[in-house]
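Take a look at the structure set out below.
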Amino acid sequence: MSKERSQASHPVSMDSIFILSAIPPMAAILLLTLLLGVAEISIKDMQIPLTGQHSILGRAVVVHADPDDLGRGGHELSKTTGNAGGRIGCGIIGLQSAV
Numbered sequence: 001m002s003k004e005r006s007q008a009s010h011p012v013s014m015d016s017i018f019i020l021s022a023i024p025p026m027a028a029i030l031l032l033t034l035l036l037g038v039a040e041i042s043i044k045d046m047q048i049p050l051t052g053q054h055s056i057l058g059r060a061v062v063v064h065a066d067p068d069d070l071g072r073g074g075h076e077l078s079k080t081t082g083n084a085g086g087r088i089g090c091g092i093i094g095l096q097s098a099v
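Each residue of the sequence shown is one higher than the last, beginning at 1 in the UniProt record's numbering.
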């Protein structure tokens, strides 16, 4: 499958990102290895630690095809999956090494 076809078939937006483990918005730079390639997302949050017991490093990120309706969409899947569609990519939160 070509990259161009992949991107057209699976548009990715910030609304499509579901954070596994129900953590608040992420801190630092996240690298997602998607079916489409590598996506870099930069979100700044002053409350999420990168070290210690509650570190976000090593947590999973899943990108879904559609926005999560948070159980309020009225669809039969809303209460269980948020009717967010299929999983199109995933990754683990980590730090990029200096080049």
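Beta carbons: idealized from backbone N, C-alpha and C, even for Gly.
Inter-residue Cα distance where the pair is residue i and residue j
i	j	result
glycine 86	serine 97	31 angstroms
proline 59	aspartate 45	Just to set this straight, residue 59 is arginine in the shown sequence, not proline. Between arginine 59 and aspartate 45, the C-alpha separation is close to 16 angstroms.
aspartate 66	asparagine 83	8 angstroms
leucine 70	isoleucine 88	19 angstroms
threonine 81	aspartate 68	8 angstroms
leucine 95	lysine 79	34 angstroms
isoleucine 29	leucine 57	Residue confidence for isoleucine 29 is low, a pLDDT of 35 falling below 50, so the modelled location carries little weight; the figure read from the coordinates is stated next. Near 11 angstroms, if we compare the C-alpha coordinates of leucine 57 and isoleucine 29.
isoleucine 43	proline 49	13 angstroms
glutamine 47	cysteine 90	24 angstroms
CA nearest to the CA of residue i, picked from the options
i	options	result
isoleucine 92	Ile43, Val62 and Gly71	Val62
### the segment 70-86 touching the segment 50-59, judged by at least three CB pairs closer than 8 angstroms
no
### Message
Ignoring anything shorter than 4 residues, give me the alpha helix (DSSP H) runs that lie fully in the UniProt domain "Superoxide dismutase copper/zinc binding" (37-93), in order along the chain.
### Response
78-81
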